[in-house]
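Participant: So in the numbering used here, spot 36 of the sequence shown is number 1340, and the numbers just go up one at a time. My questions all concern the structure below.
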Amino acid sequence: MAASNRRDYFEFLELERGRESFAKPSNADAVEEDEVELMWAALDKLPSQKRGNYAVLRRGSSEKGTGEDGVANAETVDVRKLTRSKREFVVKEALATNEQDNYRLLSAIKERLDRVGLEVPKVEVRFENLNIQANVQIGSRALPTLINAARDTIENILTGLRLFRPRRHSLTILNNVNGVVKPGRMTLLLGPPGSGKSSLLLALAGKLDKNLKKSRDITYNGHNLNEFCVQRTSAYISQTDNHIAELTVRETLDFAARCQGASEGFGGYMDDLARLEKERNIRPSPEIDAFMKASSVGGTKHSVSTDYVLKVLGLDVCSETLVGNDMLRGISGGQRKRVTTGLSLSHQLNLLKVEATILTPAPETFDLFDDLLLLSEGHVVYQGPRADVLEFFESLGFQLPPRKGVADFLQEVTSKKDQAQYWADPSKPYVFLPVPEIAKAFANSRFGRSLQSTLSVSYDKSKTHPSALSKEKYAVSKYELLKACFSRELLLISRHRFLYTFRTCQVAFIGFVTCTIFLRTELHPADETNGNLYLAALFVGLVHIMFNGFSELPLTISRLPVFYKQRDNFFHPAWAWSLASWILRVPYSILEAFVWSCVVYYTIGFAPSAGRFFCFLLILLAIHQMALGLFRLIAAIARDMVLANTFGSAAILVVFLLGGFIMPKRMLSQHLLDNTICLSFINALDVLVSDEIKPWWIWGYWVSPLSYGQNAISVNEFTATRWMKMSHIGNVTVGYNVLRDHGIPTGDYWYWLGFGVLFLYGFLFNNLVTLALTYLNRKFLLHQLKFYLTNVEANTSLGVKKKGMILPFQPLTMTFLNVNYFVDMPKLLLMKRGGSVIYGGKLGVHSKIMTDYFQGINGISPIPNGYNPATWMLEVTTPTVEERIGIDFSKLYTNSEQYRELEATIKQMSAPTAGSEPLKFSTTYSQTFLGQFLICLRKQNLVYWRTPSYNLMRLTFTAISALIFGTVFWNIGSKSPIAWTLRGIVSSQLGDVESMIEEPEFTGTVKAYLEANLGYGPGMIGVSVVVLVGFCLLFFSIFVLSVKLLNFQKR
């Protein structure tokens, strides 16, 4: 072993000497080639396991000599320890040209594999007789009304219980479609809106909604979808860009690379590739070798694959910018769509299916594809070579007009409104050809017969490359996935530091307020009255710490769309995210509990021993962890902000009422139970209490986490030595009376029992969060397609009455008879990245002036015949073109004739015409205040009633809350009854009650008690109403001013 280590040491030393010897700059190509050869020779002497960790890196022709970073013309680098600048340099050199040509890079990699006979994995996708149907509601039943929303909710519940099956109308989305996606060829899926494109792509990617009825036969290389992991073999890029706003572009792609095993793409080739090249004495390109070796390194926080994706997608300029969202300024919408694409590119090299947001691709984009699959109304109307599609439609009598894009033509030729304009068969009159007839004609054409011939021959599974289809559910080990999630959550906590800092300051501030209310100079552990105040202070602390975790609910809801996307693509299992979130919330729970304890404990004057202080802190920690788990569970189950807030409010209500303080389990004595009002409770918090929790709610007391927290923290305080003196009420201690007065157990063991139950609740809730995240899917609000199929009589322009389908909108149909590109507008202002103008002025007919200007620049290739001038203009003005030809387009423009003409025009137009007046308006807004109010009122009314699910949830929550209150405070009004609301309610109910109260602390009428102890005197009902109305106006004014003056979108 020692000899082996010594040999490796000398071989590595020789490699390092090679670095030092050949790091000297030289301008002679022959000397540089010798340097590279000697470095390769040094690498060849390394053991095979170590040889893959080192690569030769040489500078491009524009960067000869020793650079500012100390890198010579050629050097050996450890690909496992590349800095960011080195990673970017490796990618730049691998792309080979100043244009950063990705095609050349991929071609060079394939050529290297072909030279040694290594096969690139290939995937062929087939689908036969694919049918997809949806059950939809029709007529008035499909309208978004409150009644329909209630019926939908009830029907969903009964359907889930298999007690009811609602009637639905069957809608066919895909009708018996067949097709094949061949390897090595780019296939374009085209079709008008509603043709079934997204449904087909989702079916092929294994992500079709389970509520849709489907009969399918989809195979990858002859394998059914259940024989491999289709989610990791293919990639579906949705139209929705869901990303974590607080992460940068690089951080987002780095996380995807870590989870999706970006290194596995080349990692499986490198050993065999190095062995075969050494056997055949083949020396690879240093740039390609360095890129492939660096890309095969796994388990790192940053990867070359990320830099590659950033460069290819043009995201390198915004790699350190936050992705952002509606409220957090970040990258642009187009860049965000590229990030969505990059998440799939980070691991998918075999098969990539893209659903673009552009309905009609540009002609130059259309020409990039090899094959075409055209859908319309759920039918395949053409599949075959892109170049032959016009031949097929010409056989049907339709012809492409001049200056009409092929993609536009294909999407309109099947439309009833647009088909007639393309009819070109003068031998017979035009008759509308419906889509089923076109599909039938395709099946009988040579293209359809060729497709059927291909599908009739089964794919030979033995030819499938071992790495073509992903067999494993996850790309890397679960430990690596946990590490990746842990690192990301830690980073997000630092990005949310304002929130956590604010919450900590809030805890400290509320603690100071609590101290001023329950100041130790005003409280003394002398009797039950002061004991009730101490108990109230403990209850306030518990409630605040518990419900301070409510902010976890919206945070979790906001993260769910990204989580579901990554879970469904097998980035990581649900437990990896939930466990990382749980662990990282523990330190903050400790911080909150510690801050509250330090501020409150000795200031109020709780039991002074250190042991009881730390027991107090421990209970707060347990209650906070339990609360975080509870609210995260509500978010994971509800999956919707409105529903989650409703559930959260319900949880607060139930836990608060049945926590054992507001509604004590039992009272001190029957004497106190017979009193009209529980004096000690009103003295403590001015809240109403009952004799005891009703029998039908007693289970709520035993399952309420707050009751165990209240029991534990109360026992910790009132079993202290200072509460052990005898009371004048009974032959027991003061502490014992306070505890029994509120139905709190008196045994010391209840502290550890309460702590244990809270710990188990936290453990249970967090595990239920994991289960909910694992098995529940994202909540779709518009899953049911709703059609208005109503038999009505409609007057046509010909005066003929018809019956048919009435849509809830007016169809929009655009017909392009004379199509001109936007560059045929009179003038153009073109800017490059950074805000500099590189062209401004006239375009000319068919953009001739603009094209002549750029074609006159040395090094700019002329525009091809029939090419879109707008696309060509953008392609020849990129920063890479500037770097290649060595010209700054902005400086060139400032010295051009076009610039001088524009300056002269601006100067001429800047001077107002004689006798003219500046443009001005008499009012700021076009409508009067009353008109604006009525318009906004109508809009808000429509929005309010178009969201019946929200209204239904509010009504349901109100009914449930009323039911809970009524059953909890059952029959209280027949026995007895903050601030301004309770003042008005209590005064209206008890302000004139003359019943007598006889207690050691007070003797007199109820009316006198309210005035003496609460300050609720007679005649306060009207004042209370005025004050409450004033609060409404105050809060409304704050809302108006906030909407007008504040902007919460951060830059």
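Just so it is clear, CB atoms sit at the ideal spot from N, CA and C, and this is done for glycine as well.
So the candidates are THR1808, ILE1797, GLY2139; which of them puts its Cα closest to the Cα of CYS1902?
Facilitator: Nearest option by C-alpha distance: THR1808.
Participant: Where does ILE1941 sit, in a helix, a strand or coil, going by DSSP?
Facilitator: In this structure, ILE1941 counts as helix in the three-state DSSP scheme.
Participant: Just how far apart, CA to CA, sit MET2028 and ASN1834?
Facilitator: About 14 angstroms.
Participant: Based on the DSSP output, what are the partners of TYR2203 in its beta bridges?
Facilitator: According to DSSP, which records beta bridges pairwise, TYR2203 is partnered with nothing at all.
Participant: Using alpha carbons as the reference points, say which of ILE2033, TYR2040, ASN2015 lies closest to THR2025.
Facilitator: Comparing Cα-Cα distances from THR2025 to each of ILE2033, TYR2040, ASN2015, the minimum goes to TYR2040.
Participant: With DSSP run on the structure shown, which of helix, strand or coil describes HIS2150?
Facilitator: Reduced to three states, the DSSP call for HIS2150 is helix.
Participant: Does the region 1524-1539 come close enough to the region 1739-1752 that 3 or more CB-CB pairs lie under 8 angstroms?
Facilitator: These segments do not touch.
Participant: In the DSSP assignment, what are the bridge partners of LEU1347?
Facilitator: In DSSP, LEU1347 forms no bridge with anything.
Participant: Judging by CA-CA distance, which residue of ARG1472, ALA2312, ILE1451, PHE1559 is the nearest neighbour of SER1791?
Facilitator: If we check each option's Cα against that of SER1791, PHE1559 comes out closest.
Participant: Using only the alpha-carbon positions, how far apart do ILE1927 and PHE2269 sit?
Facilitator: Rounded to whole angstroms, ILE1927 to PHE2269 spans 25 angstroms at the Cα level.
Participant: Can you check whether the CB of ARG1362 is closer than 8 angstroms to the CB of ALA1598?
Facilitator: Result no, Cβ atoms of ALA1598 and ARG1362 do not sit closer than 8 angstroms.
Participant: In angstroms, rounded to a whole number, what distance separates the CA positions of THR1818 and VAL1899?
Facilitator: Answer to the nearest angstrom: the Cα atoms are 13 angstroms apart.
Participant: Helix, strand or coil for GLU2187 per DSSP?
Facilitator: Helix at GLU2187.
Participant: Look up ASN2172 in the DSSP assignment and say whether it is helix, strand or coil.
Facilitator: Correct three-state label for ASN2172: coil.
Participant: Using C-beta distances below 6 angstroms, list every residue in its chain close to THR2050, excluding the 5 sequence neighbours before and after it, in chain order.
Facilitator: Within the same chain, THR2050 has close Cβ partners TYR2040, LEU2043.
Participant: I need the boundaries of the alpha helix (DSSP H) containing LYS1787, first residue and last residue.
Facilitator: Counting along the chain, the alpha helix (DSSP H) containing LYS1787 begins and ends at 1782-1799.
Participant: On the CB-based measure, 16 or more other CB atoms within 10 Å of its CB, does CYS2240 come out buried or exposed?
Facilitator: Classification for CYS2240: exposed.
Participant: Is GLY1646 closer than 8 angstroms to LEU1617 when the C-beta atoms are compared?
Facilitator: Yes. Within cutoff.
Participant: Does the pairing of the region 1735-1747 with the region 1840-1860 give three or more beta-carbon distances under 8 angstroms?
Facilitator: Because the criterion of three Cβ pairs below 8 angstroms is not met, the region 1735-1747 and the region 1840-1860 do not touch.
Participant: Measuring only the C-alpha atoms, how far is GLN2159 from LYS1414?
Facilitator: Distance between the alpha carbons of GLN2159 and LYS1414: 35 angstroms.
Participant: May I ask which residues mark the beginning and end of the beta strand (DSSP E) holding LYS1518?
Facilitator: Segment 1517-1519, the beta strand (DSSP E) holding LYS1518.
Participant: From this set, ASN1357, SER2230, GLY1569, LEU1475, which residue's C-alpha is nearest PRO1425's C-alpha?
Facilitator: Here the closest residue by C-alpha is GLY1569.
Participant: Please report the residue range of the beta strand (DSSP E) in which ASP1675 lies.
Facilitator: Counting along the chain, the beta strand (DSSP E) containing ASP1675 begins and ends at 1675-1680.
Participant: Would you identify the three-state DSSP class for GLY1952, choosing helix, strand or coil?
Facilitator: Reduced to three states, the DSSP call for GLY1952 is helix.
Participant: Can you give the beta carbon distance from ARG1936 to GLU1856, rounded, assuming they're within the 8 angstroms contact cut?
Facilitator: Right, their Cβ atoms sit about 6 angstroms apart.
Participant: Taking the alpha-carbon positions, what's the LEU2350 to VAL2344 distance?
Facilitator: Roughly 10 angstroms separates the two Cα atoms.
Participant: Can you tell me the Cα-Cα spacing of THR2037 and ILE1923, whole angstroms?
Facilitator: Their Cα atoms are separated by approximately 24 angstroms.
Participant: Rounded to a whole number of angstroms, what is the C-alpha to C-alpha distance between GLN1703 and PHE1696?
Facilitator: One C-alpha to the other measures close to 10 angstroms.
Participant: Using three-state DSSP, classify THR2100 as helix, strand or coil.
Facilitator: With a pLDDT of 32 at THR2100, under the threshold of 50, the modelled position of that residue is not reliable, and the figure given next carries that caveat. THR2100: coil per DSSP, three-state reduction.
Participant: Taking ALA1509 as the reference, which of SER1499, SER1567, ASP1521 has the closest Cα?
Facilitator: Comparing Cα-Cα distances from ALA1509 to each of SER1499, SER1567, ASP1521, the minimum goes to ASP1521.
Participant: Quick check: the Cα distance between LEU1505 and TYR1540, rounded to an integer number of angstroms?
Facilitator: Near 7 angstroms, if we compare the C-alpha coordinates of TYR1540 and LEU1505.
Participant: Look at SER1754 and ALA1578 and say whether their C-beta atoms are less than 8 angstroms apart.
Facilitator: Going by C-beta atoms, SER1754 is not nearer than 8 angstroms to ALA1578.
Participant: To the nearest angstrom, report how far apart ILE2191 and VAL1613 are at their CA atoms.
Facilitator: One C-alpha to the other measures close to 27 angstroms.
Participant: Would you kindly check if the distance between the Cβ of LEU1677 and the Cβ of VAL1627 is under 8 angstroms?
Facilitator: Not in contact: VAL1627 and LEU1677 (Cβ atoms no closer than 8 angstroms).
Participant: Rounded to a whole number of angstroms, what is the C-alpha to C-alpha distance between ALA2016 and LEU1925?
Facilitator: C-alpha separation (whole angstroms): 13 angstroms.
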